Amino acid sequence: MGKQKIRVKDLEKEAEPKEEKKKPEIKKELAPQLVIRVAGTDLDGTKPVIRALRKIKGIGFAMSNAICSAAKINPSTKLSDLTEDQISNLEKIIKNPVNFGIPPFLVNRRRDMATGNDIHLTSSDLDITKKFDIQRYVDLRTYRGWRHMLGQPVRGQETRSSFRQRGVTVGVMKKSALQKQTEAAKEKQK
């Protein structure tokens with residue numbers, strides 16, 4: 003990195019006011035929206051519809067594919083290319099997928115306890131419902147409720163080597179290493 007030599011002529015040229023050239027006016031086309039709000043979530047408008055919908059909590063690959071086919075939208079279409087009517091149609095399908103021909107096995111809450119209907123929950127509704135379900139188990143003092151209260155695995159996993167909060171993991175020691183460890187512990191006590 004050497005020093006730059008500045009010429010006096012260059013400084014004078016910079017100091018002179020430049021003439022502004024008139025630019026021809028160009029009609030501005032509507033720029034594609036980069037962020038589009040669907041079902042209470044901001045989605046990236048530059049991505050294809052099938053990938054953008056998966057950013058909504060509660061919608062996975064199979065569900066987003068089913069939503070695209072129910073809305074009769076090409077899954078590879080960019081989200082920003084959709085019209086307002088198509089986006090509102092997507093929101094309706096997300097709220098009530100079974101009414102638009104999506105099979106009930108794709109929804110995330112089949113035979114809801116309160117209503118008995120097959121519903122699909124997304125974003126904050128999913129979080130709130132999950133908390134209430136866990137609290138119901140805890141209040142009923144079921145086995146699952148106890149496991150949730152204790153912070154232990156609920157679905158039958160082994161706990162000997164996994165789910166440890168702190169401490170040393172369980173391993174196998176040779177007799178000689180075990181003897182050395184016990185001798186070191188006895189010396190510390192003295």
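Going left to right, the sequence shown walks through residues 3 to 192 as the working numbering numbers them.
A virtual CB, placed ideally from N, CA and C, is assigned to each residue, including glycine.
Small disclaimer: the values here were computed from a predicted structure and weren't measured.
Query	Result
Whole-angstrom distance between Gly-103 and Asp-44, CA atom to CA atom	26 Å
Whole-angstrom distance between Thr-124 and Gly-60, CA atom to CA atom	5 Å
Residues sharing a beta bridge with Arg-111, DSSP	Ile-121
Beta-carbon spacing of Leu-55, Ser-71 below 8 Å	no
Beta-bridge partners of Val-40, as assigned by DSSP	Thr-43
Identity of the residue in Ser-126, Lys-94 and Asp-135 nearest Asp-114 by Cα	Asp-135
Cβ-Cβ separation, Pro-50 to Pro-77 (assumed contact under 8 Å), whole Å	6 Å
Which of helix, strand or coil DSSP assigns to Pro-50	strand
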